[in-house]
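Asks: Position in the sequence shown counted from 1, then plus 4, gives you this note's numbering.
Built from N, CA and C at the ideal position, the CB exists for glycine as well.
These numbers come from a predicted model, not from an experiment.
Have a look at this one.
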Amino acid sequence: RIGKVVVFQPPKPSPIGLLRKGEDAAKSIFKLHAPRELQPFLYTEYFKQFYGSVNDFDKPKFQKRLVSESEEFKFQFRTFAQDIKLIDDTVQKSIIVWYKRGKGNSLELIDYLRNKGPERWIIRKLQRFIVNVPMSLFYKLRDENHIEEVNGYWVQKSTGLYKLGKGLLADSSKWDTELFIV
Numbered sequence: 005r006i007g008k009v010v011v012f013q014p015p016k017p018s019p020i021g022l023l024r025k026g027e028d029a030a031k032s033i034f035k036l037h038a039p040r041e042l043q044p045f046l047y048t049e050y051f052k053q054f055y056g057s058v059n060d061f062d063k064p065k066f067q068k069r070l071v072s073e074s075e076e077f078k079f080q081f082r083t084f085a086q087d088i089k090l091i092d093d094t095v096q097k098s099i100i101v102w103y104k105r106g107k108g109n110s111l112e113l114i115d116y117l118r119n120k121g122p123e124r125w126i127i128r129k130l131q132r133f134i135v136n137v138p139m140s141l142f143y144k145l146r147d148e149n150h151i152e153e154v155n156g157y158w159v160q161k162s163t164g165l166y167k168l169g170k171g172l173l174a175d176s177s178k179w180d181t182e183l184f185i186v
């Protein structure tokens, strides 16, 4: 047997947030199409409206600032880069870790950073050796003296902090004890 779906309007609107946005999207679909049956295109339309109201996927105005005038070679790279932050540095911090394998060697690059300062090319090469951590973990590592500031960048200081294949090991009790034998 075919079931029966009853759509009703509650006496009060849904609370502000996702429920309200879902309700508004559904009302819009029913008002626009007045469907007697729920066709697949209605679901597509609903989710377009719902997700369109939930998130502004182009909050930094990528289309306007980088694409729309590209035929005239008018790009706003500098202002775009200043305005957008892919990594929110108020909730996490970057740490350059020690890594040496094959051609990848962060230790040489860290030495260069320490001795000659942050040049653009060195910072670009160091990007692949960066681990982002939550601020609470950053403060813990800093307070326990496992990281140090080198010319404005935070760098691994303790031997066991990063392990190839495992990543950042914030809990020093999990570090290999043989690392400390001299």
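1) Let me know if His-37 comes out buried or exposed under the rule of 16 or more other beta-carbons within 10 Å of its beta-carbon.
2) Assign Val-186 to one of three DSSP states: helix, strand, or coil.
3) Roughly how many whole angstroms lie between the Cα atoms of Leu-168 and Leu-141?
4) For Leu-165, does the count of other Cβ atoms within 10 angstroms reach 16, so buried, or fall short, so exposed?
5) Starting from the N-terminal side, write out each stretch of the beta strand (DSSP E) that is 3 residues or longer and does not extend beyond the stretch 84–143.
6) Rounded C-beta distance between Val-154 and Ile-99? I'm assuming under 8 Å.
7) Rounded to whole angstroms, what is the Cα-Cα separation between Ile-114 and Pro-138?
8) Which full runs of the beta strand (DSSP E) of 3+ residues lie inside the stretch 139–178, going along the chain?
9) Does the Cβ of Ser-110 have 16 or more other Cβ atoms within 10 Å, making it buried, or fewer, making it exposed?
10) Assuming Leu-130 contacts Leu-117 under a Cβ cut-off of 8 Å, what Cβ separation, rounded to an integer in Å, is found between them?
11) Quick check: the Cα distance between Glu-192 and Tyr-50, rounded to an integer number of angstroms?
12) Distance check for Glu-152 and Gln-96, CA to CA, integer angstroms please.
13) Drop a sphere of 10 angstroms on the beta-carbon of Ile-33, count the other beta-carbons inside from all chains shown, and report buried for 16 or more, exposed for fewer.
14) Using CA coordinates, which residue listed in Phe-12, Val-11, Asp-28 is at the minimum distance from Pro-19?
15) Hey, quick one: how far does the alpha helix (DSSP H) through Val-10 stretch, first residue to last?
Replies: Looking at the atomic coordinates:
1) exposed
2) With a pLDDT of only 40 at Val-186, under the threshold of 50, the placement of this residue in the model should not be trusted; the figure read from the coordinates follows. Note: Val-186 maps to coil in three-state DSSP.
3) 20 Å
4) buried
5) 96–100, 134–138
6) That pair is no contact at about 11 Å.
7) 22 Å
8) 151–154, 157–160
9) buried
10) 7 Å
11) Residue coverage of the chain in this structure runs from 5 to 186, which leaves residue 192 outside it and unanswerable.
12) 16 Å
13) buried
14) Asp-28
15) Premise fails: Val-10 is in no alpha helix (DSSP H) and is neither H nor E.
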